[in-house]
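*Asks:* Under this note's numbering, the sequence shown has 57 at position 57, and the numbering climbs by one with no breaks.
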Amino acid sequence: MTESSCSSWEELVTAALLGTERRTPPVVYAGRDAPTALLDAAAVQTVRRRAGLRPAAAATPPEPAGQDPRPPLPPAARRRLAMLLADRPGAGSGGRRGTAPDLMELLPQWLATANEHGYAAPPELLPALLDAARGRTDLRPQALAFAGPRATWLARLNPDWRFALRSAPGGGSALPALGDSAEVEQLWQEGLFAERVTLLAALRARDPSAARELLATTWSTERAEDRLMFLDSLRTGLCDEDEPFLERALADRSRNVRATAAELLSALPGSALAARMAARAASCVSLDRTQGQTTVVVEAPHECDADMERDGVVPKPPAGRGERSWWLGQLVEAAPLAVWPERLGGRTPEEIVALPVADDWQSELHGAWCRAAVRQRDAAWSRALLGAPASPAAAGPGAVSLAERAKLLAALPAGERAEWVAGFISAHGLSEAFQLLGVCATPWAEPLGRAVVDALNIARDAGSYPWSFSGVMGLAERCLDPATATGLDGLTSIPDEPEDASPGAVGYWTEAFQRLVGTLRLRATMRAELMAR
Numbered sequence: 001m002t003e004s005s006c007s008s009w010e011e012l013v014t015a016a017l018l019g020t021e022r023r024t025p026p027v028v029y030a031g032r033d034a035p036t037a038l039l040d041a042a043a044v045q046t047v048r049r050r051a052g053l054r055p056a057a058a059a060t061p062p063e064p065a066g067q068d069p070r071p072p073l074p075p076a077a078r079r080r081l082a083m084l085l086a087d088r089p090g091a092g093s094g095g096r097r098g099t100a101p102d103l104m105e106l107l108p109q110w111l112a113t114a115n116e117h118g119y120a121a122p123p124e125l126l127p128a129l130l131d132a133a134r135g136r137t138d139l140r141p142q143a144l145a146f147a148g149p150r151a152t153w154l155a156r157l158n159p160d161w162r163f164a165l166r167s168a169p170g171g172g173s174a175l176p177a178l179g180d181s182a183e184v185e186q187l188w189q190e191g192l193f194a195e196r197v198t199l200l201a202a203l204r205a206r207d208p209s210a211a212r213e214l215l216a217t218t219w220s221t222e223r224a225e226d227r228l229m230f231l232d233s234l235r236t237g238l239c240d241e242d243e244p245f246l247e248r249a250l251a252d253r254s255r256n257v258r259a260t261a262a263e264l265l266s267a268l269p270g271s272a273l274a275a276r277m278a279a280r281a282a283s284c285v286s287l288d289r290t291q292g293q294t295t296v297v298v299e300a301p302h303e304c305d306a307d308m309e310r311d312g313v314v315p316k317p318p319a320g321r322g323e324r325s326w327w328l329g330q331l332v333e334a335a336p337l338a339v340w341p342e343r344l345g346g347r348t349p350e351e352i353v354a355l356p357v358a359d360d361w362q363s364e365l366h367g368a369w370c371r372a373a374v375r376q377r378d379a380a381w382s383r384a385l386l387g388a389p390a391s392p393a394a395a396g397p398g399a400v401s402l403a404e405r406a407k408l409l410a411a412l413p414a415g416e417r418a419e420w421v422a423g424f425i426s427a428h429g430l431s432e433a434f435q436l437l438g439v440c441a442t443p444w445a446e447p448l449g450r451a452v453v454d455a456l457n458i459a460r461d462a463g464s465y466p467w468s469f470s471g472v473m474g475l476a477e478r479c480l481d482p483a484t485a486t487g488l489d490g491l492t493s494i495p496d497e498p499e500d501a502s503p504g505a506v507g508y509w510t511e512a513f514q515r516l517v518g519t520l521r522l523r524a525t526m527r528a529e530l531m532a533r
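Written out as structure tokens, the structure is:
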């Protein structure tokens with residue numbers, strides 16, 4: 001063996017990068033070819049480099065992670081989780097080519113099911129799970145619930161996972177026993193903001209009155225932005241007993257706090273604010289029976305006085321909006337919907353919505369009724385404003401947009417919601433239905449699932465441009481009932497290509513349906529693996 005005294009790690013790296021055919025290694029071993037000699041020299045140099053390092057000062061080892069008492073995953077489910085975390089597609093499932101399921105898009109469902117069964121996360125998969133949650137905020141609640149206490153333990157050791165510390169009170173510190181008033185009071189007075197928000201939310205879910213009383217003890221000394229966040233927690237368990245506190249908040253220094261307090265009070269039909277808004281709104285809307293047809297007449301407010309402002313009416317309209325219509329919309333939105341049948345001749349919501357409105361006020365009035373129905377979660381009014389699914393796509397009886405229809409649907413029972421959207425798809429197809437599908441409970445009920453699949457099949461047979469349906473196809477992969485897979489096999493064959501079809505459309509549709517069926521079967525398998533004991 002001969003070795004140049006000036007050989008260095010950099011020379012070895014250069015020879016490796018260029019190749020031994022173009023650069024002779026700085027070390028030559030008798031009887032060894034150049035590539036082998038280079039590797040041997042690198043091994044020797046590695047030992048030398050390590051031997052030359054100065055020993056570092058001994059560090060205090062971290063405290064062990066807390067024990068997770070939950071049962072471990074079944075072996076098949078653990079292997080499945082490793083596969084899901086290893087998948088890193090570059091695009092969403094609906095737009096991918098090929099027939100392989102998009103595993104990362106199935107991870108949220110897998111995590112939700114695992115949490116339902118109360119399983120503990122395998123320690124060896126926690127780094128990959130936290131990496132996945134780091135890149136996708138929608139995964140974080142389910143991922144951190146599944147990861148358990150070890151997530152915050154790991155997050156203290158790796159700054160890339162610090163989001164786990166922000167998502168847990170005090171970076172993983174446990175909440176005090178909510179029945180221990182002394183500990184609750186101490187954390188409320190001394191805790192970090194994130195800890196206090198979490199404490200208030202937990203206490204509100206357990207004892208709404210106790211949470212409100214705790215908030216009242218420090219309300220006057222809180223910062224405006226903190227008061228707004230704390231006030232928002234009262235949405236959980238909102239009740240008539242909250243009214244005195246919310247009435248006081250109407251005089252808050254912060255406009256945003258006042259607006260939130262007014263919104264919460266308007267959601268209490270028996271509140272004094274709701275009564276004041278009802279009186280104002282009713283004075284603006286009446287019936288005209290002097291013409292041949294009974295008509296709704298609107299006389300919008302001519303001013304926004306101080307009392308209206310105190311009750312949450314914003315005086316200055318956005319750009320391009322008239323003042324009077326802006327004030328009217330806010331009054332009607334905040335008034336209890338129960339005021340209108342009495343005010344408008346004892347009519348039902350369907351009959352009221354069907355009445356003509358004079359002087360082009362219909363859009364403003366119906367839009368405010370839509371917002372009121374969403375705020376008050378009134379199914380009868382939501383049903384009336386939605387109208388029949390077959391009515392024009394963006395012009396139901398309430399003349400509402402698709403975005404507003406999606407919000408109205410959320411107030412209906414899940415089964416009725418799915419049936420309505422199925423009827424909409426049957427009448428209008430899928431091009432306008434994406435927003436509506438997003439508010440339907442999963443897995444989709446049988447009528448809705450059948451309507452989606454039939455519409456996709458019709459679009460394929462019509463030679464439609466396939467990529468415009470990629471979003472719906474992706475939703476179908478995640479939301480269809482896995483039990484429907486057996487009835488979809490006929491869609492996976494390659495049909496004859498229509499003459500006017502888009503180039504490559506038939507191949508895309510076939511791949512998409514094959515991926516859909518494969519994904520549904522994989523979802524069924526995943527659930528079975530998680531249920532195995």
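Quick reminder that beta carbons are idealized off the backbone N, C-alpha and C, glycines included.
Classify Ile458 as buried or exposed, calling it buried when 16 or more other Cβ atoms lie within 10 Å of its own Cβ.
*Replies:* Translated into positions along the sequence shown, residue 458 becomes position 458. It counts as exposed.
*Asks:* Please look up how many angstroms separate the CB atoms of Trp153 and Ala65, rounded, as I've assumed it's under 8 Å.
*Replies:* Indexing the sequence shown from 1 puts residue 153 at position 153. Indexing the sequence shown from 1 puts residue 65 at position 65. Right, their Cβ atoms sit about 4 Å apart.
*Asks:* With Leu530 as the anchor, note down where its alpha helix (DSSP H) starts and where it stops.
*Replies:* What you label residue 530 is simply residue 530 of the sequence shown in a count that begins at 1. Per DSSP, Leu530 belongs to the alpha helix (DSSP H) from 505–531.
*Asks:* The alpha helix (DSSP H) with Ser266 in it runs from where to where?
*Replies:* Numbered from 1 along the sequence shown, position 266 holds the residue referred to as residue 266. Unbroken alpha helix (DSSP H) run through Ser266: 255–266.
*Asks:* Quick one: what's Thr295 bridged to in DSSP?
*Replies:* Looking up residue 295 in the sequence shown gives position 295. Asp288.
*Asks:* Do Phe245 and Arg223 have their C-beta atoms within less than 9 Å of each other?
*Replies:* If you number the sequence shown from 1, residue 245 lands on position 245. If you number the sequence shown from 1, residue 223 lands on position 223. Cβ atoms of Phe245 and Arg223: not closer than 9 Å.
*Asks:* Roughly how many angstroms separate the alpha carbons of Ala358 and His302, rounded to a whole number?
*Replies:* The residue you call residue 358 lines up with position 358 of the sequence shown. The residue you call residue 302 lines up with position 302 of the sequence shown. Computed Cα separation, rounded: 18 Å.
*Asks:* Locate the alpha helix (DSSP H) running through Val472, then write down its first and last residues.
*Replies:* Here residue 472 refers to the residue found at position 472 of the sequence shown. Looking at the DSSP string, the run of the alpha helix (DSSP H) that includes Val472 is 470–479.
*Asks:* Measure the beta-carbon distance from Ser325 to Glu364 and round it to whole angstroms, keeping in mind my assumption that it falls under 8 Å.
*Replies:* The count along the sequence shown starts at 1 and reaches residue 325 at position 325. The count along the sequence shown starts at 1 and reaches residue 364 at position 364. That belief holds up - the Cβ atoms of Ser325 and Glu364 are roughly 5 Å apart, short of 8 Å.
*Asks:* For Pro269 and Gly292, what's the separation of their Cα atoms in angstroms?
*Replies:* The residue given as residue 269 occupies position 269 in the sequence shown. The residue given as residue 292 occupies position 292 in the sequence shown. Rounded to whole angstroms, Pro269 to Gly292 spans 35 Å at the Cα level.
*Asks:* Is the stretch 377–385 close to the stretch 338–353, with three or more CB pairs under 8 Å?
*Replies:* yes
*Asks:* Which term fits Ser5, buried or exposed, when burial requires 16 or more other beta carbons within 10 angstroms of its beta carbon?
*Replies:* Within the sequence shown, residue 5 is the residue found at index 5, counting from 1. Unreliable positioning characterises Ser5 in this predicted model, as indicated by a pLDDT of 39, which lies under 50. The coordinate reading is nonetheless provided below. With fewer than 16 Cβ atoms within 10 Å of its Cβ, Ser5 is classed as exposed.
*Asks:* So, helix, strand or coil for Ala56, using DSSP?
*Replies:* As a working mapping, residue 56 is identified with position 56 in the sequence shown. Of the three classes helix, strand and coil, the one that applies to Ala56 here is coil, per DSSP.
*Asks:* DSSP three-state call for Val27: helix, strand or coil?
*Replies:* Mapped onto the sequence shown, residue 27 falls at position 27. If DSSP states are grouped into helix, strand and coil, Val27 belongs with the strands.
*Asks:* Under 9 Å between the Cβ atoms of Leu178 and Leu203?
*Replies:* Position 178 of the sequence shown, counted from the first residue, corresponds to residue 178. Position 203 of the sequence shown, counted from the first residue, corresponds to residue 203. Yes, the pair counts as a contact, with Cβ atoms nearer than the cut-off.
*Asks:* Residues in the same chain with beta-carbon distance under 6 Å from Phe513, minus the five sequence neighbours each way, listed in chain order, please.
*Replies:* Taking the first residue of the sequence shown as 1, we reach residue 513 at position 513. Only Leu491, Thr492 meet the Cβ criterion.
*Asks:* Span of the alpha helix (DSSP H) holding Asp39?
*Replies:* Indexing the sequence shown from 1 puts residue 39 at position 39. In the sequence on display, residue 39 carries Leu and not Asp. It spans 34–51 - the alpha helix (DSSP H) in which Leu39 sits, taken as one unbroken run.
*Asks:* Could you have a look at Val314 and say whether DSSP puts it in helix, strand or coil?
*Replies:* In the sequence shown, counting from the first residue as 1, residue 314 sits at position 314. Three-state result, Val314: coil.
*Asks:* Here's the rule I'm using: 16 or more other beta-carbon atoms within 10 Å means buried, otherwise exposed. How should Ala334 be labelled?
*Replies:* Start at 1 with the first residue of the sequence shown, and residue 334 comes out as number 334. Burial of Ala334 is indicated by the presence of at least 16 other C-beta atoms within 10 angstroms of its C-beta.
*Asks:* Look at Ala445 and Ala422 and say whether their C-beta atoms are less than 9 Å apart.
*Replies:* One-based indexing of the sequence shown puts residue 445 at position 445. One-based indexing of the sequence shown puts residue 422 at position 422. Cβ distance < 9 Å, so Ala445 and Ala422 count as in contact.
*Asks:* Distance check for Leu228 and Arg235, CA to CA, integer angstroms please.
*Replies:* The residue labelled residue 235 in the question sits at position 235 within the sequence shown. The residue labelled residue 228 in the question sits at position 228 within the sequence shown. Taking the straight line joining both Cα atoms gives about 12 Å.
*Asks:* Leaving aside the five residues before and after Ala210 along the sequence, list all residues of the same chain whose C-beta is less than 7 Å from its C-beta, in chain order.
*Replies:* Taking the sequence shown and counting its residues from 1, the one referred to as residue 210 is at position 210. Counting only Cβ-Cβ distances below 7 Å, and skipping sequence neighbours, we find Leu203.
*Asks:* Does the Cβ of Gly19 lie closer than 8 Å to at least one heavy atom of the ligand MN?
*Replies:* By its list of ligands, the structure shown contains no ligand whatsoever, and the ligand MN lies outside what it can speak to.
*Asks:* Let me check understanding here. Comparing Cα to Cα, which of Ala451, Glu342, Gln362, Val339 lies closest to Pro389?
*Replies:* Along the sequence shown, one-based indexing puts residue 389 at 389. Relative to Pro389, the option among Ala451, Glu342, Gln362, Val339 whose CA is nearest is Ala451.
*Asks:* Would you check if the distance between the CB atom of Arg150 and the CB atom of Asp33 is smaller than 9 Å?
*Replies:* What you label residue 150 is simply residue 150 of the sequence shown in a count that begins at 1. What you label residue 33 is simply residue 33 of the sequence shown in a count that begins at 1. No; because the gap between Cβ atoms is not below 9 Å, this pair is not in contact.
*Asks:* Taking all protein chains shown into account, decide if Met104 is buried (16 or more other Cβ within 10 angstroms of its Cβ) or exposed.
*Replies:* To locate residue 104, count along the sequence shown from 1; it is residue 104. Buried, since its Cβ has 16 or more Cβ neighbours within 10 Å.
*Asks:* What's the C-alpha gap between Ala532 and Leu139?
*Replies:* Position 532 of the sequence shown, counted from the start, is the residue given in the question as residue 532. Position 139 of the sequence shown, counted from the start, is the residue given in the question as residue 139. Whole-angstrom Cα-Cα distance: 24 Å.
*Asks:* Check the C-beta distance from Gly312 over to Arg258 and give it rounded, since I have them as a contact under 8 Å.
*Replies:* Position 312 of the sequence shown holds residue 312. Position 258 of the sequence shown holds residue 258. With a Cβ gap of about 6 Å, Gly312 and Arg258 count as contacting.
*Asks:* With which residues is Pro123 paired in a DSSP beta bridge?
*Replies:* Within the sequence shown, the letter at position 123 stands for residue 123. None; Pro123 has no bridge partner.
*Asks:* To the nearest angstrom, report how far apart Ala112 and Asp288 are at their CA atoms.
*Replies:* Counting from one through the sequence shown, the residue named residue 112 turns up at place 112. Counting from one through the sequence shown, the residue named residue 288 turns up at place 288. Their backbone Cα atoms lie some 55 Å apart in a straight line.
*Asks:* Count the other CB atoms, across all protein chains shown, that sit within 10 Å of the CB of Gln189; report buried if there are 16 or more and exposed otherwise.
*Replies:* As a first step, residue 189 must be located in the sequence shown, where it is residue number 189. Gln189 comes out exposed.
*Asks:* If Arg42 sits next to Leu12, beta carbons under 8 Å apart, how far is it from one beta carbon to the other, in whole angstroms?
*Replies:* Locating residue 42 in the sequence shown gives position 42, counting from the first residue. Locating residue 12 in the sequence shown gives position 12, counting from the first residue. Note on identity: in this sequence residue 42 is Ala, with Arg being the wrong assignment. At roughly 5 Å, the Cβ-Cβ gap stays under 8 Å, so Ala42 and Leu12 are in contact.
*Asks:* For Val197, does the three-state DSSP call read helix, strand or coil?
*Replies:* Locating residue 197 in the sequence shown gives position 197, where the first residue counts as 1. Look at Val197 here: in three-state DSSP terms it is helix.
*Asks:* Skipping 5 residues on each side, what residues in its chain have a beta carbon closer than 8 Å to that of Arg521?
*Replies:* Here residue 521 corresponds to residue number 521 of the sequence shown, with the count starting at 1. Within the same chain, Arg521 has close Cβ partners Pro482, Ala485.
*Asks:* Please determine, among Ala338, Met277, Ala147, the residue with the shortest C-alpha to C-alpha distance to Met308.
*Replies:* Taking the sequence shown and counting its residues from 1, the one referred to as residue 308 is at position 308. Checking every option, the nearest Cα to that of Met308 belongs to Met277.
*Asks:* Exposed or buried, which one is Ala410 when buried takes at least 16 other CB atoms within 10 Å?
*Replies:* Here residue 410 refers to the residue found at position 410 of the sequence shown. Looking at its Cβ environment, which holds fewer than 16 other Cβ atoms inside 10 Å, Ala410 is exposed.
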